[in-house]
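Numbering of the sequence shown is given in the numbering used here, commencing with residue 252 and proceeding in unit increments.
A quick write-up on the structure given underneath.
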Amino acid sequence: MFWVFPPDAHRLTLRMAPILLFVAAMSIVVNIAADAGAFDSVAEWIRNRVPPRMSPLIGAWCAVVLLSTVSTVFLSLDTTAILVTPLAVALAQRTGASVWASALTVVWIANLGSLLLPVSNLTNLLAATSGVFSGPAEYTAAAWLPALVATSIAVVAAVLVYWLRNHGTLSASAPGPRLPSGPRLRISLITLGAVLPLLASPVPYWATASVAAAVLLIVARPNMPSWMSMIPWRSLSLVTLLSALTTFVHATGATSDLAAYISSGQSSTAGLLMIASSGALAANLINNIPAYLILEVGIDSADGMLALLIGVNAGPVITPWASLATLLWRDQLRRNDIAVPWASYIGIGCVLAPLVICAAVFTI
Numbered sequence: 252m253f254w255v256f257p258p259d260a261h262r263l264t265l266r267m268a269p270i271l272l273f274v275a276a277m278s279i280v281v282n283i284a285a286d287a288g289a290f291d292s293v294a295e296w297i298r299n300r301v302p303p304r305m306s307p308l309i310g311a312w313c314a315v316v317l318l319s320t321v322s323t324v325f326l327s328l329d330t331t332a333i334l335v336t337p338l339a340v341a342l343a344q345r346t347g348a349s350v351w352a353s354a355l356t357v358v359w360i361a362n363l364g365s366l367l368l369p370v371s372n373l374t375n376l377l378a379a380t381s382g383v384f385s386g387p388a389e390y391t392a393a394a395w396l397p398a399l400v401a402t403s404i405a406v407v408a409a410v411l412v413y414w415l416r417n418h419g420t421l422s423a424s425a426p427g428p429r430l431p432s433g434p435r436l437r438i439s440l441i442t443l444g445a446v447l448p449l450l451a452s453p454v455p456y457w458a459t460a461s462v463a464a465a466v467l468l469i470v471a472r473p474n475m476p477s478w479m480s481m482i483p484w485r486s487l488s489l490v491t492l493l494s495a496l497t498t499f500v501h502a503t504g505a506t507s508d509l510a511a512y513i514s515s516g517q518s519s520t521a522g523l524l525m526i527a528s529s530g531a532l533a534a535n536l537i538n539n540i541p542a543y544l545i546l547e548v549g550i551d552s553a554d555g556m557l558a559l560l561i562g563v564n565a566g567p568v569i570t571p572w573a574s575l576a577t578l579l580w581r582d583q584l585r586r587n588d589i590a591v592p593w594a595s596y597i598g599i600g601c602v603l604a605p606l607v608i609c610a611a612v613f614t615i
């Protein structure tokens with residue numbers, strides 16, 4: 252960040268360091284737990300508790316939807332991308348469901364369902380502390396209806412894709428690989444079980460993830476490759492670089508005209524749609540965190556800030572780099588040897604993003 256003016260670099264570091272540390276530590280936790288068989292064990296546990304009258308595929312999908320939604324709302328979309336993706340893959344493989352449909356369910360709910368609480372998305376945290384809202388309660392009171400609409404559309408879209416990909420096999424069930432056992436598995440499950448409630452507690456999320464990573468690294472040391480290989484360095488580097496460039500643009504004063512343009516659209520529905528669309532476009536071009544940082548300067552009303560969040564949170568379902576959560580989701584799929592058909596992802600996203608943005612903005 253040497254090209255950013257010192258005060259701006261300091262502010263950027265304070266904003267970005269906790270989330271980057273959290274992502275790195277959680278990636279270590281999840282990858283060690285996956286190697287120990289924790290997600291296969293949880294997937295088998297879920298599959299065995301599907302009601303007898305319900306298809307295993309439908310039961311597994313319902314579990315993925317519930318876990319993705321709860322994780323996104325209370326733990327953040329990045330946690331969902333890291334933690335729920337490998338579980339969704341394991342469930343799909345054990346029930347014979349489409350892995351791609353299950354993976355899309357996770358990434359859509361993670362992005363589109365991340366409006367409700369400040370903790371649900373880093374951009375929400377930045378907005379909630381920007382001075383536009385008096386506090387978390389006012390933020391949630393303003394965001395709950397757009398959040399409900401966006402999440403509902405994500406679930407409906409996931410239903411359609413899941414049905415189309417699994418049509419004709421809704422009673423299928425595939426036996427999974429033999430379940431692992433041993434102390435590494437037990438400690439991994441205990442650690443994951445402790446991490447989840449702590450992430451929703453007042454304990455700093457980055458501290459919880461860091462301690463959990465240290466515990467599992469000590470336990471797994473004789474059996475695991477270097478911890479460096481478990482961290483998605485390219486994803487974190489890309490987001491950091493783009494955020495630094497955005498801060499540099501701010502420092503040069505080049506965003507003054509943009510701020511005036513954004514500010515003028517906060518008093519009408521058409522203007523709010525313009526703000527949300529600008530946020531979505533910027534997010535899909537340069538990632539949603541720097542998109543928020545570059546556009547927030549013109550926002551001074553709750554409606555305007557909410558429209559911007561709709562754009563930068565719900566809009567990034569088109570390009571692979573549009574949100575950190577999508578980058579982390581892709582990394583988890585790669586680690587499970589699952590290729591992402593980006594043409595399909597981008598094509599559906601081009602329809603889904605405008606639909607969600609328009610529907611959510613009209614509820615402001």
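For every residue, glycine included, the Cβ atom is placed at its ideal position computed from N, Cα and C.
Closest by C-alpha distance to Val568, when choosing among Ala405, Val412 and Asp554: Looking at the Cα atoms, Ala405 is the closest of the given residues.
Would you check if there are 3 or more beta carbon pairs closer than 8 Å linking the stretch 323–335 to the stretch 352–365? Taking 8 Å as the limit for Cβ pairs, the verdict is that the stretch 352–365 does touch the stretch 323–335.
To the nearest angstrom, how far is it from the Cα of Trp478 to the Cα of Ala268? The alpha-carbon atoms of Trp478 and Ala268 are separated by roughly 19 Å.
Check whether the Cβ atoms of Leu578 and Ser486 sit closer than 9 Å, and answer yes or no. The answer is yes: Cβ separation under 9 Å.
Classify Val407 as helix, strand or coil using the three-state DSSP reduction. Note: Val407 maps to helix in three-state DSSP.
Coarse secondary structure for Gly382, derived from DSSP in three states: Gly382: coil per DSSP, three-state reduction.
Element boundaries [alpha helix (DSSP H), containing Gly530]: Boundaries of the alpha helix (DSSP H) harbouring Gly530: Thr520 to Ile537, taken from the DSSP string.
Is Thr570 helix, strand or coil by DSSP? DSSP places Thr570 in coil when its eight states are reduced to three.
Considering only C-alpha positions, which residue in the set Val446, Gly566 and Ser322 is nearest to Ile537? Of Val446, Gly566 and Ser322, the residue nearest in Cα terms is Gly566.
With H, G and I counted as helix, E and B as strand and the rest as coil, what does DSSP make of Ser422? For Ser422, the predicted structure reports a pLDDT of 45, less than 50, and the residue's modelled location is therefore unreliable. A value from the coordinates is still provided. Looking at Ser422 - three-state DSSP - the assignment turns out to be coil, as it is neither helix nor strand.
Which of helix, strand or coil does DSSP assign to Val612? Assignment of Val612 by DSSP, reduced to helix, strand and coil, places it in the helix class.
Please report how far the alpha carbon of Val548 lies from the alpha carbon of Arg585, in whole angstroms. Near 37 Å, if we compare the C-alpha coordinates of Arg585 and Val548.
Quick test of the definition: if touching needs 3 or more C-beta pairs under 8 Å, does the stretch 588–600 touch the stretch 373–392? Between the stretch 588–600 and the stretch 373–392, the count of C-beta pairs closer than 8 Å stays below three; the two stretches do not touch.
Using the rule of at least 16 other Cβ atoms within 10 Å of the residue's Cβ for burial, across every protein chain shown, is Leu415 buried or exposed? Around the CB of Leu415, fewer than 16 other CB atoms lie within 10 Å, so the residue is classed as exposed.
First and last residue of the uninterrupted alpha helix (DSSP H) at Met556: Where Met556 is concerned, the enclosing alpha helix (DSSP H) stretches over Ala553 to Leu560.
Cβ of Val370 within 9 Å of Cβ of Ala451? In contact: Val370 and Ala451 (Cβ atoms closer than 9 Å).
Where does Phe253 sit, in a helix, a strand or coil, going by DSSP? Confidence in Phe253 is poor, its pLDDT being 43 and thus under 50, which makes the residue's placement unreliable; the coordinate value appears in the next sentence. In the three-state scheme derived from DSSP, where H, G and I count as helix and E and B as strand, Phe253 is classed as coil.
I believe Thr356 touches Val301 by the beta-carbon criterion, under 8 Å. Please report the beta-carbon distance rounded to the nearest angstrom. That belief does not hold up - the Cβ atoms of Thr356 and Val301 are roughly 16 Å apart, past 8 Å.
Roughly how many angstroms lie between the CA atoms of Leu318 and Ile540, to the nearest whole one? Leu318 and Ile540: Cα-Cα distance of roughly 24 Å.
Let me know if Ile441 comes out buried or exposed under the rule of 16 or more other beta-carbons within 10 Å of its beta-carbon. Ile441 is exposed by the Cβ-count criterion.
Inter-residue CB distance, Val612 and Ile561 (contact presumed, cutoff 8 Å): Right, their Cβ atoms sit about 6 Å apart.
Under a three-way DSSP split, which group does Gln517 fall into? Here DSSP, grouped into helix, strand and coil, assigns Gln517 to coil.
If you check the beta carbons only, do Tyr413 and Ser349 fall under 9 Å apart? In terms of Cβ geometry, Tyr413 and Ser349 form a close pair [threshold 9 Å].
Would you check if the distance between the CB atom of Asp286 and the CB atom of Ala341 is smaller than 9 Å? Ala341 sits away from Asp286, with the two beta carbons spaced by 9 Å or more.
From what residue to what residue does the alpha helix (DSSP H) around Ser439 run? For Ser439, the uninterrupted alpha helix (DSSP H) segment begins and ends at Pro434 to Leu450.
Within a Cβ cutoff of 6 Å, which residues of the same chain sit near Leu606, ignoring the five residues on either side of it in sequence? Its chain contains no residue whose beta carbon lies nearer than 6 Å to that of Leu606 once the 5 sequence neighbours on both sides are disregarded.
How long is the line joining the alpha carbons of Asp554 and Ala401, rounded to whole angstroms? Cα-Cα distance, rounded: 16 Å.
Looking at C-alpha atoms only, which residue of Ile283, Gly310, Val281 and Thr491 is the closest neighbour of Glu295? If you compare the alpha carbons of Ile283, Gly310, Val281 and Thr491 with that of Glu295, the shortest gap goes to Gly310.
To the nearest angstrom, how far is it from the Cα of Trp593 to the Cα of Val466? Distance between the alpha carbons of Trp593 and Val466: 36 Å.
Which runs of the alpha helix (DSSP H), 4 residues or longer, sit entirely within the stretch 332–392? The DSSP assignment places complete alpha helix (DSSP H) segments of no fewer than 4 residues inside the stretch 332–392 at 350–363 and 373–379, in order along the chain.
Proximity to Leu524 [Cα-Cα], best of Leu575, Arg581, Ala471 and Ala610: Per the Cα distances, Ala610.
Would you mind sorting Ala354 into buried or exposed? The rule is 16 or more other CB atoms within 10 Å of its CB. Result: buried.
Same chain, Cβ closer than 8 Å to Leu338, neighbours up to 5 away in sequence not counted: For Leu338, where only same-chain residues beyond five positions count, the Cβ hits under 8 Å are Phe290, Val293, Ala294, Val315 and Leu318.
8 Å contact criterion, which Ala534 and Ile608 should meet: CB distance rounded: Contact between Ala534 and Ile608 is absent: CB atoms are separated by about 11 Å, not below the 8 Å threshold.
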